[in-house]
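Take the sequence shown: its position 300, counting from 1, is numbered 300 in our numbering, and each next residue is one higher.
Don't be surprised by glycine CBs; every beta carbon is placed ideally from N, CA and C.
If you're wondering where the values come from, they're calculated on a predicted model, not measured in any experiment.
In what follows, a structure is listed as structure tokens, so that the remarks can point back to it.
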Amino acid sequence: MSILVRPLKRKLHEVDPDEGPRKHASPVSWPTARSLPGSRRTSEQLEEHSDSYTPQGSLRELHSNHGSPVLFDNGPLQTPRRFTPKASVVLIGIRGTGKSSLAVILAATSGRRLIDADRYFQQMTGCSRAAFKKDNDHAVYRQQEARVFDSMLTDNQEGCVIACGAGSMERTGQRLLREYAQTHPVIHVTRDPESIQSYLKAWDTQKVRHFLQLSGPIYRGCSNLEFFNLSETTNSSGELMTKDGHDPSPGPKLDQRAQTPTPFLTLKRVQRDFLSFIAFVTGDTTEMRRQHASFPLSLLPVETRRFTSVVSVPFSTLCKKKLDIEELEFTVDAFELVIDVPASSNQQGADSNLADNICQTVATIRRNIIVPLVYHVESYTPSPGSRSPTPTFRSTDETYLNLVRHGLRLAPSFLTVDLSRDDSTISQIISSRGTTKIIGHFEAHTPLPGGWDGDEYMKIYERAKRIGCDVVRMCQPAESLDDNVAVQRFRHRIQSLPVSALPLILYNTGPLGRRSRCFNPTLTPVTHPSLIHESPTLLRPSITAREAQQALFSSFTLDPMQFFVFGANVEYSMSPAMHNTAFKVCGMPHFYSIFQSPTLRGLNDLVENQYFGGSSVSLPYKTEVIPLLHSMSPHARAIGAVNTLIPIRNNDDADPHLAQESSVYIEKCRAGPIKGIHGDNTDWIGICNCIRRGLSPANAVRPSTTGLVIGSGGMARAAVYSLIHLGVENIFVYNRTLSNAEKLAHHYNRQEIFSLEGSRPDGRPRVSTLRSLDDPWPATYKHPTIIVSGIPAHSIGGQPAPNFNVPTQWLESPTGGVVVDLAYKPLNTPLMKQMRALSHRGWVALDGLDVLPEQGFAQFELFTGRRAPRRLMRTIVLQEYEDEEGHDDRSAIQDRLQNLDGQPT
């Protein structure tokens, strides 16, 4: 018998009490899906059966001989971590870690069936666990529990998310989970003791910490993955905060502008982190590409791009100092966490406390970056008490293997293996890598015989390729400047081999080796100014990402380029200030300026410039320029408008098939004759990212989700495309001139490009029109939870401002939604005033100054092939903003400046 349980109707703040303060009573609830026949579906039932006990009783039960899970088989769980796309996901962990909330989030957004183990037990037996235990002796209860648990896993192999309580962790349960983990993700959910204690309202934090230390090996022994649920709380003002007091998200700050706190976005960051984690570990390429589309560089594997860098950050430093992780990530292409645990503190490998600390550190890093995470365990550390800069103490194979295995559980994008270890140790790691890519790492403390010109490094490279590494990283100390030339000769030897070469990271260490780091094209390890004094070894990076960039330009490896904003009336554009400040901070001598032209012929002057690097395109040329292009991105082609031009020069180094797919493959920062122009569109990215930022987990996109676009111009076209990209299948357009709205609907309804994106039977989204503001909302569709306005809010050509408000009968979504007003002159438009007044109903409002930098980040990546300094660019937009009509309050702008970050959406 298979019992399929779907997401329950639950109030958002009740999904997990420690993640949403109960004082914020709200009408927001999770949409109810088809229920079981005869089964009542209430939030009270879910609370009652989530673990079958009160919090205090749960702890006593866990602590007792009968209820506390015991590790019967303490052998390490090794699984290949390769799953079918539809494989069911199991979440385990002690009460209070938030696994039920995560299960609801995953079920609501992915369409998976939600199965709660305790509710499943009740539906199979007719009574709760507590009642069954009361009426039967312990042996009978355990037999029945084993049968039910086996049935639950056996009958639900695909398309489910299963949340297990402590009752599933006895001997048979552990055995079944270990077997299930051979082919399915079994995720151990962890959390900080303070949040667990706050939820349980029992024991003190120290006792919870002790219990976590005891239970950690048990849960890790029957799971193959681990997710740390990084807590968020709201302060007395309703502002979103992390546990360390930092503000992690600009979303709730947007509601602060209306001085009306809202808890609806409290789970937003958790949702993003967990869904990204699930997409990566299950190999869901469609979902990953959808997530990465907002950042064009993410579409190209980082190890295949040129002149990339990775910031190397010691774990010990992150534990000792409160560092700004977003600042550490500044303009780099990857983030490397260096596990530099002294041998004396980890004789037994990754013990429970250390594992928890590493897990929490990884979660904190992921919360603040958009680039891939590299997990690296140092084999050599300084001997206790030694002040020598050269590490000499080598960890044992067991210690090293335990730390690396724990890293694989966290599913980093990359993980390094020490190529000085034996094949048996390395093979255990590679066989369990899952979707994580392996970097074969070899570092010499003294030059090998023959150096880079000898045979030893070739043997190491060939071994790394043979055992299955995806990338090879090798380094040795430089004894002279000639060693920097030698490393280039070795690179050329590898690339000249008759078979395709693995991506190479080759450089020399020490002061004399800095030049080789600058010209290493792939993932050069760099440091950050705040970490320069935290480098006790000769092997740590000694140059920053900015210094490496400057070296490439000062050596004429790269050229200073000229960028423009091209249009008929662009003299007030904020783009030059935004991009020029970013260029300067990143160490790139580019220049961005205004090019105003009354006709499209002015574009000829740009493309004849050998230093032309790209241009933003403004009105009225976004559609007129299309006939002049040699290629277009799929996004621009679907929208039918272009706002970004990229020159095509020598593209010999890029795969021509990939070049057609994305303009990020076109060579950057190299001057010369232009062979063609490539067109792209980033307007939709700015809109899409703002929708993601303001859309609460309760309004996660589902097949029934409805979106509304106001207007029919170029930005309205981009807005419709962003909704389609997010998976919205029911889209309505309202425009004062109905015929223009119908043209916009026809533009998308005739296209087949989205046949694989939607879940409708015909595989296509549907764009419809609304005739009048007086009409009721169409009865066969849900009220919109996403609204984008693309109409101006100021007077144009003597015509009065529209003063548009959404009809109240269209705003009856019980869970509120997100409104993005693309206008920003004035900033506080009538629509923004209307929606901020409805924030208590779950509506979140974002304006044009939120959209502008978001699309600018994508343009920066397309122009330069580098990551954009997001927080800096947002700051410049706000600082440069001026409302010539003086309608906006500068103090509101200052409030936004004080609360900025560059967080991903």
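Are residue i and residue j close, meaning C-beta to C-beta below 7 Å?
i, j, result
"Ser616", "Ser575", "yes"
"Ser215", "Ile94", "yes"
"Val281", "Pro412", "no"
"Ala103", "Val161", "yes"
"Val311", "Val374", "no"
"Ala486", "Asp453", "yes"
"Val877", "Gly686", "no"
"Thr79", "Ala181", "yes"
"Ile710", "Ile791", "yes"
"His188", "Ile325", "no"
"Pro447", "Gln488", "no"
"Gly167", "Arg112", "no"
"Arg473", "His441", "yes"
Tell me the residue span of the alpha helix (DSSP H) that contains residue i.
i, result
"Gly96", "Where Gly96 is concerned, there is no enclosing alpha helix (DSSP H), given that its DSSP letter is neither H nor E."
"Val487", "Asp482 to Gln495"
"Asp397", "Asp397 to Arg409"
Taking the beta strand (DSSP E) that residue i belongs to, which residues open and close that run?
i, result
"Ala163", "Cys160 to Ala163"
"Arg113", "Arg113 to Asp116"
"Arg366", "Not the beta strand (DSSP E): Arg366 falls in the alpha helix (DSSP H), residues Ser352 to Asn368."
"Cys475", "Val471 to Pro477"
"Arg314", "Checking the displayed sequence, the identity of residue 314 turns out to be Pro instead of Arg. Ser309 to Pro314 is the extent of the beta strand (DSSP E) around Pro314."
"Lys201", "That residue, Lys201, is in no beta strand (DSSP E); it is neither H nor E in DSSP."
"Thr705", "Counting along the chain, Thr705 falls outside any beta strand (DSSP E), and DSSP gives it neither H nor E."
"Pro217", "Looking at the DSSP string, Pro217 is not in any beta strand (DSSP E); the run it does join, the alpha helix (DSSP H), is Thr205 to Arg220."
Can you name, in chain order, every residue of its own chain whose Cβ lies under 6 Å from the Cβ of residue i, other than the five neighbours on each side?
i, result
"Leu629", "Ile677 and Gly679"
"Met288", "Ala279"
"Pro589", "Phe553 and Pro560"
"Arg60", "Reliability fails at Arg60, whose pLDDT of 41 lies under 50, so the model's placement of it is uncertain and no value is given."
"Gly587", "Arg546, Gln549 and Gln550"
Are any of the Cβ atoms in chain B nearer than 7 Å to that of residue i?
i, result
"Pro627", "Protein chains in the displayed structure number just one, and chain B is not present."
According to DSSP, what are the bridge partners of residue i?
i, result
"Ser768", "Phe732"
"Val818", "Ile786 and Val844"
"Ser615", "Phe564 and Leu645"
"Leu726", "In the DSSP output, where bridge partners are listed per residue, Leu726 has none listed."
"Met632", "Gly679"
"His376", "Val338"
"Arg870", "DSSP, once it has assigned bridges, lists no residue as partnering Arg870."
"Asp418", "His441"
"Leu225", "Ile187"
Is it right to say residue i is buried, meaning 16 or more other beta carbons lie within 10 angstroms of its own, or is it exposed?
i, result
"Tyr507", "buried"
"Ile532", "exposed"
"Tyr380", "buried"
"His138", "exposed"
"Leu773", "exposed"
"Arg366", "buried"
"Thr304", "exposed"
"Thr527", "buried"
"Tyr592", "buried"
"Ser480", "exposed"
"Leu408", "buried"
"Asn897", "The sequence as given places Leu at residue 897; Asn does not occur at that position. Leu897 is exposed by the Cβ-count criterion."
"Ser431", "exposed"
"Glu812", "exposed"
"Asp284", "buried"
"Gly672", "exposed"
"Gln206", "exposed"
"Arg191", "buried"
"Leu497", "exposed"
"Glu226", "buried"
Just to confirm my understanding: we take residue i, look at its own chain, exclude 5 residues before and 5 after, and list those with CB closer than 8 Å. What are they?
i, result
"Thr705", "Asn699, Gly727, Val728, Glu729, Asn730, Lys782, Thr785 and Ile786"
"Tyr400", "Val377, Ser379, Asp418, Arg421 and Thr425"
Give me, in chain order, the residues of the same chain whose beta-carbon lies closer than 7 Å to that of residue i; leave out the 5 immediate sequence neighbours on both sides.
i, result
"Ala741", "Ser712, Val733, Tyr734, Asn735 and Thr769"
"Ala582", "Phe860, Ala868, Pro869, Leu872 and Met873"
"Asn353", "Gln213"
"Asn643", "Ser616, Val617, Lys622, Asn681, Thr682 and Asp683"
"His66", "The predicted model places His66 with a pLDDT of 38, which falls under 50 and marks its position as unreliable, so this point remains unresolved."
"Ser2", "Since pLDDT at Ser2 reaches only 31, below the 50 mark, its modelled position is unreliable, and the value read off the structure follows with that caveat. Only Asp155 and Asn156 meet the Cβ criterion."
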